[in-house]
Each structure stands twice: as structure tokens, then as C-alpha cells.
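Beneath this line is the structure, given in C-alpha cells, with notes to follow.
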Amino acid sequence: MSHRVGNSLTVLASIYRSCSRKAATKDELDEVFLGRLVAVGRANRMAVEAPSKGIALAALIHDAISILPQCETVPIKALQMDIQSDCVMPLALILNELATNALKHGGACEDNRITIKAARDDSRNHIVLEWHEARSVPMRLPPPVGGRTGFGTKLLQAMVEGQLGGSFERKLDETSFRMVVRIPRDRLEFYQDELVEC
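Numbering of the sequence shown is given in our numbering, commencing with residue 920 and proceeding in unit increments.
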């Protein structure tokens, strides 16, 4: 428990430093930091409520996307599996980042469709999380950033690669955005190590 809290505070401090460097005003800092702070708080609450057992993957997904106005209608297909409590915060931040971007860039508006899927890959060694936004009206793509890595990308790298030992890829075009996250199953899945009477 104390390790998880310490890890959360370290992550939050890093997020705050990055957000404060990027923000031009206090209001902008509030806007970019508070959502992530709330996401970490909600993730910790879930982990604390079930310290000795796993957290249902579907429940975490539903909780993490609750910032979306139409969250109840987002189609989610997720494995019936429990995840390790120390994976809750990184996954919650990944999903919160995707939901925040959907709100910011119009992917979450009524005419567009978000779908989420979490399944095992063909080898059954990885859990694959897919986030897909389909746009009813094509959008103009932003100009290339030119070698600069944005804060959202840095956060995703830290959570997916650093915390979960996984990988991710993104694809954006005029009518859709897709992100695929691959996480080693043995890193994510909760296994009960209790002996049972047979």
C-alpha cells in the first residue's frame, strides 16, 4: 500500500512538473493537471478497496472513461479478468488521456463513435487494448510537430512502456483515430495464489 501511494505521488509530481512547464496561465495549468490528478485518485480508490484481490478490467475501463458525456453508450468489449492493483493507475491514466483527447479534439461529440476493446492476442501472451474513434465528419489533420514529443505522448510512453512493460501504436487520419496498446499478460493479470482444499 505505501509503495503504491509513493509511486502515485512520484507520478503526480512528474505530471505536475511537465504540466506547469507547458501551461502559460494558472487556469491552463488547472485544466491540464486536475483531470490527471482525479484519474490517479480514482485509480487509487479502486486499488485500496480491493488490496488483496484484482480489479475487474471492465470496471476500470468504465470508471476511467466516465469523463465522457456519452460514457454509458460507449461500446466496450473486455475480457472478464482481474488486473493487478499496481496496474490500475497506469491503465487509468492511459484511458483518461485518450478520453481527454477525445473531448479536446472532438472525438467524443455526439456524431462520432468511440469503441473500446480489450482482448488477448493470438499468442495469448499479451492483452491488447484498442481505442477507436470514428468521425462522421472528416477533420483537418494537425500539421506535423517536427520532432517535438508532446506531454500526452510522454505520459503514454511512461505508463505503457515504463510502468506496464508494453508497447503502443497510434494511427490518425481524417476520419478516425486508433490506438493499440499491448501489455504482457503476466504483468497485467491478477493471479490468486491461495491454496484451496481439493
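All C-beta atoms, glycine included, are put in the ideal place defined by N, C-alpha and C.
Please work out which residues of its chain come closer than 6 Å, Cβ to Cβ, to glutamate 1049, disregarding the five sequence neighbours upstream and downstream, and give them in chain order. Lys1036, Val1099
Arginine 1089, DSSP secondary structure in three states: strand
Beta-carbon within less than 6 Å of arginine 1032's beta-carbon, same chain only, minus the 5 sequence neighbours each way: which residues are those? Ala1053
With three or more beta-carbon pairs closer than 8 Å as the criterion, would you say the segment 963–979 touches the segment 987–998? yes
If we call anything under 8 Å between Cβ atoms a contact, is leucine 987 one with alanine 1018? yes
With H, G and I counted as helix, E and B as strand and the rest as coil, what does DSSP make of arginine 1101? strand
Presumed contact (8 Å Cβ cut-off) between glycine 1071 and asparagine 1020, rounded CB distance: 7 Å
Pick helix, strand or coil for leucine 1010, following the three-state DSSP scheme. helix
Assuming contact is defined by CB atoms lying nearer than 8 Å, are alanine 958 and alanine 983 in contact in what I supplied? yes
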